[in-house]
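4 protein chains.
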Amino acid sequence: MVKVGIVGGTGYTGVELLRLLVRHPRVNLLAITSRKEAGMPVADMFPNLRGHVDLVFSDPVQADLGTCDVVFFATPNGIAMQQARELLAAGVRVIDLAADFRIQDLAVWRQWYGMEHACPELVAQAVYGLPEVNRDKIRTAQLVANPGCYPTAVQLGFLPLLEAGVADTQYLIADAKSGVSGAGRKAENPFLFAEAADNFKAYAVSGHRHWPEISQQLAQFAGQPVGLTFVPHLTPLIRGILATLYVRVSPNVDVQALYESRYAQEPFVDVMPAAAHPETRSVRGSNMCRISWHRPQGGDTLVVLSVIDNLVKGAAGQAVQNMNIMFGLPETLGLEAPGLLP
Amino acid sequence: MVKVGIVGGTGYTGVELLRLLVRHPRVNLLAITSRKEAGMPVADMFPNLRGHVDLVFSDPVQADLGTCDVVFFATPNGIAMQQARELLAAGVRVIDLAADFRIQDLAVWRQWYGMEHACPELVAQAVYGLPEVNRDKIRTAQLVANPGCYPTAVQLGFLPLLEAGVADTQYLIADAKSGVSGAGRKAENPFLFAEAADNFKAYAVSGHRHWPEISQQLAQFAGQPVGLTFVPHLTPLIRGILATLYVRVSPNVDVQALYESRYAQEPFVDVMPAAAHPETRSVRGSNMCRISWHRPQGGDTLVVLSVIDNLVKGAAGQAVQNMNIMFGLPETLGLEAPGLLP
Amino acid sequence: MVKVGIVGGTGYTGVELLRLLVRHPRVNLLAITSRKEAGMPVADMFPNLRGHVDLVFSDPVQADLGTCDVVFFATPNGIAMQQARELLAAGVRVIDLAADFRIQDLAVWRQWYGMEHACPELVAQAVYGLPEVNRDKIRTAQLVANPGCYPTAVQLGFLPLLEAGVADTQYLIADAKSGVSGAGRKAENPFLFAEAADNFKAYAVSGHRHWPEISQQLAQFAGQPVGLTFVPHLTPLIRGILATLYVRVSPNVDVQALYESRYAQEPFVDVMPAAAHPETRSVRGSNMCRISWHRPQGGDTLVVLSVIDNLVKGAAGQAVQNMNIMFGLPETLGLEAPGLLP
Amino acid sequence: MVKVGIVGGTGYTGVELLRLLVRHPRVNLLAITSRKEAGMPVADMFPNLRGHVDLVFSDPVQADLGTCDVVFFATPNGIAMQQARELLAAGVRVIDLAADFRIQDLAVWRQWYGMEHACPELVAQAVYGLPEVNRDKIRTAQLVANPGCYPTAVQLGFLPLLEAGVADTQYLIADAKSGVSGAGRKAENPFLFAEAADNFKAYAVSGHRHWPEISQQLAQFAGQPVGLTFVPHLTPLIRGILATLYVRVSPNVDVQALYESRYAQEPFVDVMPAAAHPETRSVRGSNMCRISWHRPQGGDTLVVLSVIDNLVKGAAGQAVQNMNIMFGLPETLGLEAPGLLP
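Protein chains in written order, with our numbering: chain A, 391 to 732; chain B, 391 to 732; chain C, 391 to 732; chain D, 391 to 732.
Here it is in structure tokens:
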């Protein structure tokens, strides 16, 4: 059994981790911490877990996380980097669901996240936890930077084209739409039901923190810097991301074969038949990414559609997938449930 | 392994049965029929099942359901009664998710369902599949009438009070609210997104088919006819029922103890702490029924709140629970997942 | 032209007042105050008002409300009572959309609102602003207590029965469902989209502040104290209230005639045909209350359905209706638009 | 008074026309036809219109539309072209809200709409009813082709750039998101609440009927053929379209000045401040189009955001605007109401 701790369990990625881990046959959940809610039974905050979780939120200071095999950070940005060093020194492996270890260029990180990095030496050793790209490194990683939600959907959509070198990398467009849970469990006006329901808008069009993360990764796939325009939108879903990607490709590329071949061994990427339209609800609550593509009017602009559940493949599910890889477990363990439809 | 067939798998109870059964460790799914969609891969209609179900919808005439151990009818009312006799004669056990075998009084059935019953002799032998009431009979039943969604929520809410004889049975009120999937996968104007979203209404207030079903059952619990007013409402949820029950009780009843004691051994009824407010999302996708009660202003009118997922405990999940009981399996097998929240 | 000021215009009742008043042909909007947002153009906060409102939120201290003919308080409870005395002394008429002047019994008010009343002498002179009941008093009122949203829907539903003395007043039940805007523009977790969407729950079942307000009013209609059970529910609508009322009545009452006769002259109460089911969307954005009734199974329990838009007839629209009455304008002025459907 | 008839009033554009016209001070509504619902009071189908419309749906054969000044066709594609000739001959002006007269190239029309055109000679004389482009021609037009919903949002977003010749017209991308009412009042499974709620998907990516309409118009603005990729998405809104447009422009263009100058005299185009994010709810129920733009990372890819209410500026409201122009009325008459927010 893998002994697991969670730091910061009161947000949506926290409750989603719990939902997945309580049914995971090889996990022993030792502790979940929350400074603010210490002492409160977890199931009082998340009633779906009544009967499934007996744990009480524990004070981060008193929780003995050093006895865990792995600790998940489901915290805001800037927390994991304060605590990772000590845990790693104690032999605990760390999976950070926030952004502290995603960006390799520290100057870029500082610019977008507005703070100095607390442990720059760990950034270099952190493995970016996208299994479809870094599976082998994840196996032995001590510190995994779990990818962002938008970045997961966008990367998996572009990956085969960039690796194959068939795309015009200077004009990549990612028009992404996310459900409201992507903003976290934050009590702010724009995320109120009466503001976000029956409403649609773009946001952070001039610059979103996921832009440098996606750019870094796409450049790595392409072997050169890329030109990426990334526009996120808030859509009245609880969960789900659809990324609509626009990219120019050579006319004679067999796109379907390219995608099917690239993802043939991937348990959590489903290349749909040509001309399909993946729906976010088909992955609701599941760790699957579904992808399809179109070539409207037979032109050279390819449209790739990529859907995930932002809380599962975009956060907690991918973190569990990484844990499975790190501990030599079957990669799909605890992640086999189909999406909830309708 | 239990060999399972499903008749009529293109509606919401059908896809929900599939979602549960594909992960059930003791089920071998043999066939799923649809007259209209024969030949179509199930996963083409329900993309959440891609990679989980390889079956193709088969023609009802050609499907060899006689080799199944149990057949679920996820069909409109009036279908199961046409086919049950033959299956039962072949030794196949039958679970009907529609209403054909729920009402014992044939005249009442005819009045509310507008047709003659095709096999009245089977009605008497059918067991009403509410495990919390009829568990022993279900074990040996050949034919189970799976309860309606509203009836499940309402019965579990009233049951302890009526059995204990502490309620004024002449003035029972059930104000019930259901998500739109309760209407089935029916392409009719009132259930369109643009009609049902951001809208709330009561419907069928003068008489709904679940009224005789609930009345029959409550009378059985009480040992006498009851006076029930039942008002269903359509609410912009995909899934979920909340029943708000009003009943006058003797002032000195220890309601919490009564409910906790009655449901102490029930794996799928969760009596919440006093003064709690169960939410439908806490049971989204799960087979749980959560119940709490209030006594506003300390008066003699008790308010009982009961929530279920109409497609799970109100339909497919309860059917699987019944199957588990009928075949001597652990009652919770395949039904252990917590609700999807958020 | 009526010179109008608004105190506290950053909430939902504030923006709704603005939406109605900017199109009102006899209103001159002088000032709208907000301590927090002083200096901000109103249309920056509420982009639907771009091109309609040039006003800037002004500081409450500096705003010269004394020159207004009428001031609306769209503030939290406990604010209007601090400022009403001075305005009234200056000859300004006041309409309070909060609860400061709704409850005549000061002890009851203190108990439910948890504070001492700042101007008890004004409570007695305040007129409860339900035009269907108090139209004549409203005409000359200096201080109007605009009714709560639930109280409006519930009172209009019960009124004809109680005035006619045909109801059993000891067992009145009001099962009410409200859209999320009824909670105000408050950034709190339970009102986030990811918490309130696709979810249904009751709340404050043991006691809600609108219970004493409704009880006071129903007792007045009935000429005696009433026994009322009031259960509010949160439903995933932006706007809208449906109150489902249960009451026992004498079997030979002509309910349809009673309602039609009582409301024959009312411009904002629509008695629908027998057996109708009013929908909240039919009054979305409009000041109408629609009512219908049913007598299920011909019994003695009557079910009355009453719908309003909580922000219009339940708040800002009714306030404008009161203003029209107070200033001798046609009562429907500025309130004639049909609901927005779909 | 303008004497108005409506053909086909049972869909969403029909009820929206009614909502606008019943409050229009210069309109006399003579008849509204529906083959299927002839004899039914309009307000029975659309309860928001109770008290506002006394008309009964009349049989199209018997309705004497020849006495109208103008007839709106709120019908499916292919109906108006059957009846326009006769009405025009009788001196009645016609506004078609469907697509019969939008495409000038008859071969293109046939290809995308799958039928022969019934009156090709009228296509040439029809005026495309986008007032911001064709106001002068609309004034004297006998036959107006009211633009599609997506085409309205997309054209207004691209127009200033194309007219000014500062855009790379070979790579225009329009990623458009629409509420479900855009599909019309059609009882089909994909538009059911339980399918479309909490779900997001692209559709018709390989080819949508609005693509040739948009392409035709953009080419006209640019003075040359354009390369357009158009991807529509279904989003869980009742109303609203957001079009996110991607276009490469010369680096030294003053975009804000260009848009402000182009739309300075337009009553229904609101150019927002730089870096704004228009929301669909800001135009809910209103005839406004709001536009803003961004230049992410200061690159040469411009992102333009354009929002409308698909049923108002995208259909019925624009039709009323056209009528106002055709009959010499103030262009904003009957269209002045702000959007309904929240």
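Note that beta-carbon positions come from the ideal geometry of N, C-alpha and C, so glycine has one too.
Remember, it's a predicted structure, so these values are computed and weren't measured experimentally.
Between the C-alpha atoms of residue i and residue j, what's the straight-line distance to the nearest angstrom?
i: residue 462/A; j: residue 672/A; result: 27 Å
i: residue 657/A; j: residue 728/A; result: 13 Å
i: residue 399/C; j: residue 435/C; result: 10 Å
i: residue 655/D; j: residue 433/A; result: 59 Å
i: residue 406/A; j: residue 470/A; result: 18 Å
i: residue 552/C; j: residue 649/C; result: 11 Å
i: residue 637/D; j: residue 548/D; result: 9 Å
i: residue 580/B; j: residue 625/A; result: 24 Å
i: residue 709/C; j: residue 418/C; result: 16 Å
i: residue 502/D; j: residue 397/D; result: 24 Å
i: residue 506/A; j: residue 546/A; result: 30 Å
i: residue 467/A; j: residue 663/C; result: 58 Å
i: residue 541/B; j: residue 680/C; result: 29 Å
Quick one, which of the options has its alpha-carbon nearest residue i's?
i: residue 678/A; options: 685/A, 702/A, 632/A and 694/A; result: 702/A
i: residue 508/A; options: 426/A, 607/A, 472/A and 625/A; result: 472/A
i: residue 395/B; options: 429/B, 460/B and 441/B; result: 460/B
i: residue 534/D; options: 650/D, 488/D and 599/D; result: 488/D
i: residue 410/C; options: 725/C, 730/C and 731/C; result: 725/C
i: residue 595/A; options: 683/D, 412/D and 503/D; result: 683/D
i: residue 517/A; options: 707/A, 537/A, 421/A and 464/A; result: 537/A
i: residue 644/B; options: 430/B, 670/B, 392/B and 556/B; result: 556/B
i: residue 393/B; options: 704/B, 458/B, 444/B and 687/B; result: 458/B
i: residue 693/D; options: 699/D, 711/D and 667/D; result: 667/D
i: residue 484/D; options: 465/D, 498/D, 499/D and 496/D; result: 465/D
i: residue 511/B; options: 521/B, 474/B, 713/B and 520/B; result: 474/B
i: residue 481/C; options: 498/C, 456/C, 499/C and 492/C; result: 456/C
i: residue 424/C; options: 563/C, 440/C and 401/C; result: 401/C
i: residue 448/C; options: 632/C, 431/C, 413/C and 441/C; result: 431/C
i: residue 523/C; options: 720/C, 719/C and 715/C; result: 715/C
i: residue 440/C; options: 669/D, 597/D and 572/D; result: 669/D
In chain D, what lies closer than 7 Å to residue i by C-beta?
i: residue 727/C; result: 413 and 727
Exposed or buried, residue i, counting other C-beta atoms within 10 Å across all chains shown (16 or more means buried)?
i: residue 550/A; result: buried
i: residue 615/D; result: exposed
i: residue 438/B; result: buried
i: residue 642/C; result: exposed
i: residue 711/D; result: buried
i: residue 675/C; result: buried
Could you work out which residues of chain A lie near residue i, taking near to mean beta carbons separated by less than 9 Å?
i: residue 660/B; result: 437, 440 and 441
Taking Cβ-Cβ distances shorter than 9 Å, what residues in chain C pair up with residue i?
i: residue 541/B; result: The premise fails here: residue 541/B is roughly 16 Å from chain C at the closest Cβ pair, so nothing lies under 9 Å.
Which residues in chain A sit within 8 Å of residue i, going by Cβ to Cβ distance?
i: residue 571/C; result: 584
What does residue i touch in chain A if you count any residue whose Cβ is under 7 Å from its own?
i: residue 525/B; result: Within chain A, no residue comes near residue 525/B; the closest Cβ sits about 19 Å away, beyond 7 Å.
i: residue 563/D; result: 563 and 636
What residues of chain C sit near residue i, judged by a beta carbon separation below 7 Å?
i: residue 577/A; result: 577, 578, 579 and 582
i: residue 671/B; result: 588 and 589
Counting only Cβ pairs nearer than 9 Å, list the residues of chain B close to residue i.
i: residue 696/C; result: Correct list: empty, because the minimum Cβ distance to chain B is about 11 Å.
Which chain C residues are close to residue i, counting only those with a beta carbon under 8 Å from its beta carbon?
i: residue 628/D; result: 732
What does residue i reach in chain B if we use C-beta pairs closer than 8 Å?
i: residue 675/A; result: 675 and 730
Runs of beta strand (DSSP E) lying entirely within the stretch 570 to 604 of chain D, each at least 3 residues, in chain order: none
Pick out the complete alpha helix (DSSP H) segments inside the stretch 455 to 528 of chain D, 4 residues or longer, and give them in chain order. 470 to 479, 496 to 503 and 510 to 515
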